[in-house]
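Taking the working numbering, I'd label the letters of the sequence shown as residues 40 to 161.
Even glycine gets a Cβ: it sits at the ideal position worked out from N, Cα and C.
Here the structure is a predicted model, which is why all the values come from computation and not from measurement.
Okay, structure first, notes after.
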Amino acid sequence: MTDLTGKVAAAVERSGLSAGAVVVFASGATGAVTTIEYEPGLVEDMKAALERMAPRDIEYAHNRRWGDGNGHSHIRASIIGPSLTVPFSDGKLMLGTWQQIVFIDLDTSPRHRRVVFQIIGE
Numbered sequence: 040m041t042d043l044t045g046k047v048a049a050a051v052e053r054s055g056l057s058a059g060a061v062v063v064f065a066s067g068a069t070g071a072v073t074t075i076e077y078e079p080g081l082v083e084d085m086k087a088a089l090e091r092m093a094p095r096d097i098e099y100a101h102n103r104r105w106g107d108g109n110g111h112s113h114i115r116a117s118i119i120g121p122s123l124t125v126p127f128s129d130g131k132l133m134l135g136t137w138q139q140i141v142f143i144d145l146d147t148s149p150r151h152r153r154v155v156f157q158i159i160g161e
C-alpha cells in the first residue's frame, strides 16, 4: 500500500486550477485506489479484511486457466476498484482529516505500476 496523497495534492497545485476534481486511476488489473486512514494498524486491518473477502488459498478458475496464482488479486482489485475521484477547492484536496489516497498493489509478483491523475476544473 502506497500513500499517494502528497503526489496528488502536488499535481493539483501544479495544475493552477482553483476548483474541480482529480481522478486517480490505477492502470492494471491487480491494482486498486481508495482512501484510508494510512496508519500501520489500518494497513494491517485492510490486509486481513481482503484475505477474508478473497482468500489466497482457495481455488480460482483464473488460476486453473493461467497458472499464475493471482486469481485472488483480480477479485480484490475488482472489489476495491481502479479509481477514485476527489474534489478540490481553493487548490486543495477536500479530504477528511484522517483520509489519505492510497494505491494498493494486490498482485503476487512485483509489477511495474502506473497511476494516472486526470485533473478537471477551473
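Close-in-space but distant-in-sequence residues of the same chain around residue i (CB under 7 Å, 5 per side omitted)
i: Pro126; result: Ala60, Met133
i: Leu81; result: Ile75
i: Leu145; result: Thr69, Gly70, Ala71, Ser112, Arg115, Ala116
i: Thr147; result: Gly108, Asn109, Ser112
Cβ shell of residue i (< 8 Å), same chain only, five flanking positions each side left out
i: Ser122; result: Val62, Val63, Phe64, Ala65, Val72
i: Ser128; result: Ser57, Ala58
i: Gln157; result: Val61, Val62, Phe64
Rounded C-alpha distance that separates residue i from residue j
i: Asp84; j: Trp105; result: 30 Å
i: Glu161; j: Glu52; result: 12 Å
i: Asp107; j: Ser54; result: 40 Å
i: Pro94; j: Arg103; result: 16 Å
i: Met92; j: Ile143; result: 15 Å
i: Pro79; j: Lys86; result: 11 Å
i: Lys165; j: His101; result: With the chain represented from 40 up to 161, any question about residue 165 goes unanswered, as that position is not in the structure.
i: Gly67; j: Glu90; result: 20 Å
Residues near residue i by beta carbon distance below 6 Å, same chain, minus five either side
i: Glu76; result: Trp137
i: Gln139; result: Asp42, Thr44, Tyr77
i: Tyr99; result: Gly110
Buried versus exposed, by CB contacts within 10 Å (16 or more), residue i
i: Ala49; result: exposed
i: Ile228; result: Residue coverage of the chain in this structure runs from 40 to 161, which leaves residue 228 outside it and unanswerable.
i: Ile159; result: exposed
i: Ile97; result: exposed
Beta-carbon separation (whole angstroms), residue i vs residue j, contact threshold 8 Å
i: Val141; j: Met40; result: 5 Å
Indicate whether the contact test is met: 3 or more Cβ pairs, each with one atom in the segment 127–135 and one in the segment 149–156, closer than 8 Å. With contact defined as three or more Cβ pairs closer than 8 Å, the segment 127–135 and the segment 149–156 are not in contact.
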